[in-house]
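Novice:
Numbering (this note's numbering), first residue to last: 41 to 508.
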């Protein structure tokens, strides 16, 4: 029996050793680590990214690098962690106003300084800078105000860009739905009438202070409810206005929206799926999410559409920055260059739906890009270009006129951030729906009544027992 136990013990040890050896044989050691902090669903396959970038990096530096990837849901989440020094990252992907705030607080490095301090060899520096700078579209970046003596364009590398608009179910809503502009998100016409009963409870807003604020501002403009004297302000001025009058007006219409019964709720990431499944009919959306959802819905036999209201909107861009605390700024720079390669940025667009900051004329002329587009079933129209870059609806959504005066770029709210954040939290917490209040009070009263009946029955039984 003892011999049998020894044999079993030896077999078990051999099995454990074998499993461990097999496991460790699959582990690869890396020379360096690269920590990326990015939006959710905002880069192509992380496994492919690891393999592809590792090959790219090794060919240029002779070193291997392990990518560690984490995500955030809003700029505010990322900014809170950065301002509290709770984030360790080599590269981060904020939006325009968040980049401005990080620069103003001295939390990110100048790209040129990083190159000069971390890249060896003038030729390598020249090639890297060329790959980073020459392949990006700079049509909208100068709309962000600069701090005196400081240009935020020196601190980031553009990644993706697009617009804020309305995605809707074209199968269920009227063809002229875009005529109602931002009022669709309130289920209101420009004259204040309800668009349709079927929209109530079928609308998603963004759980984002800045996007909801901008939406409310343009809704006020459509409804003729802007504060006195604001009617002639540009889109750029309106979405960045933080006067007490504007904050009060925005608060009022956001509360109206929340308490009207038209909203299903607020979301950041799951609106696309909800639109495809039919859980909601309207969603405040970024253009990239809209394009992704439109194509996914088509596979399910659902027709979704997207429009930017004519009264004005936000045109945004996201860019890569390198924190002052970055441990591996060199690998971060090479990753930025890698992501701006024509074939890589096209593959990225195919996977996430967003529009790369790389100039589309560069992409159109690239054979690798056309091969990728054909692989993703974008038919080739002629020898020069493919369906993806032709002048029709999809193209206009992906590549709007970035110089359009009705499109404004968000800027840091500065000292008004706390006041606007407090306003937003009040909007989310307010509930003026009396029916909900009465139902709650009724439930409490019913529980109290049941409790009193139970006490009465127990006391009554005690009296009967005493009499007996």
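All C-beta atoms in this analysis are idealised placements derived from N, C-alpha and C, irrespective of residue type, glycine included.
Can you tell me which residues form a DSSP beta bridge with residue 209?
Specialist: 344
Novice: Would a C-beta distance cut-off of 8 Å place residue 354 and residue 120 closer than the cut-off?
Specialist: no
Novice: Could you work out which residue in 220, 378 and 363 is closest to residue 348 when comparing CA atoms only?
Specialist: 220
Novice: May I ask which residues mark the beginning and end of the alpha helix (DSSP H) holding residue 372?
Specialist: Counting along the chain, the alpha helix (DSSP H) containing residue 372 begins and ends at 369-379.
Novice: Closest to residue 272 by C-alpha separation, out of 445, 408 and 167, would be which residue?
Specialist: 445
Novice: Applying the 10 Å Cβ sphere with the 16-neighbour rule, what's the burial state of residue 268?
Specialist: exposed
Novice: Are the CB atoms of residue 154 and residue 371 nearer to each other than 8 Å?
Specialist: Contact flag unset, no.
Novice: Spatial neighbours of residue 343 within its chain, please: C-beta separation below 6 Å, excluding the five flanking residues on both sides.
Specialist: 210 and 211
Novice: Pick from 293, 346, 111 and 126: whose alpha carbon is nearest that of residue 438?
Specialist: 346
Novice: Hey, could you find the ends of the alpha helix (DSSP H) residue 383 is sitting in?
Specialist: 382-392
Novice: With a cut-off of 8 Å on the beta carbons, I'd call residue 161 and residue 244 a contact; round off their distance for me.
Specialist: The Cβ separation is near 51 Å, so there is no contact.
Novice: What's the C-alpha gap between residue 281 and residue 455?
Specialist: 12 Å
Novice: Please check the pair residue 27 and residue 125, which I expect to be a contact at CB under 8 Å, by giving their CB distance rounded to whole angstroms.
Specialist: Only positions 41 to 508 of the chain appear in the structure, and residue 27 is not among them; the question remains open.
Novice: When you compare only the Cα positions, how much space is there between residue 469 and residue 322?
Specialist: 22 Å
Novice: Below 8 Å on the Cβ atoms is my guess for residue 351 versus residue 262; work out the distance and round it to an integer in Å.
Specialist: 5 Å
Novice: Among residues of its own chain, excluding the 5 on either side of residue 255, which ones have a beta-carbon nearer than 7 Å to its beta-carbon?
Specialist: Same-chain partners within the cutoff: 222, 225 and 324.
Novice: Identify, in the order they occur along the chain, each residue of the same chain with its Cβ nearer than 6 Å to the Cβ of residue 135, setting aside the five sequence neighbours on each side.
Specialist: 115, 356 and 358
Novice: Out of curiosity, what's the CA-to-CA distance linking residue 82 and residue 394?
Specialist: 8 Å
Novice: Taking just the CA atoms, how far does residue 302 sit from residue 374?
Specialist: 47 Å
Novice: With DSSP as the reference, label residue 161 as helix, strand or coil.
Specialist: Under the three-state reduction of DSSP output, residue 161 falls in the coil class, being neither helix nor strand.
Novice: Suppose contacts are defined by Cβ-Cβ distances below 8 Å. Is residue 150 in contact with residue 159 by that definition?
Specialist: no
Novice: Which residue spans inside the region 300-331 form an unbroken alpha helix (DSSP H) run of at least 4?
Specialist: Segments of the alpha helix (DSSP H) lying fully in the region 300-331: 311-317.
Novice: Using a Cβ-Cβ cut-off of 8 Å (strictly less than) and excluding sequence neighbours within five positions of residue 387, which residues of its own chain qualify?
Specialist: 84 and 412
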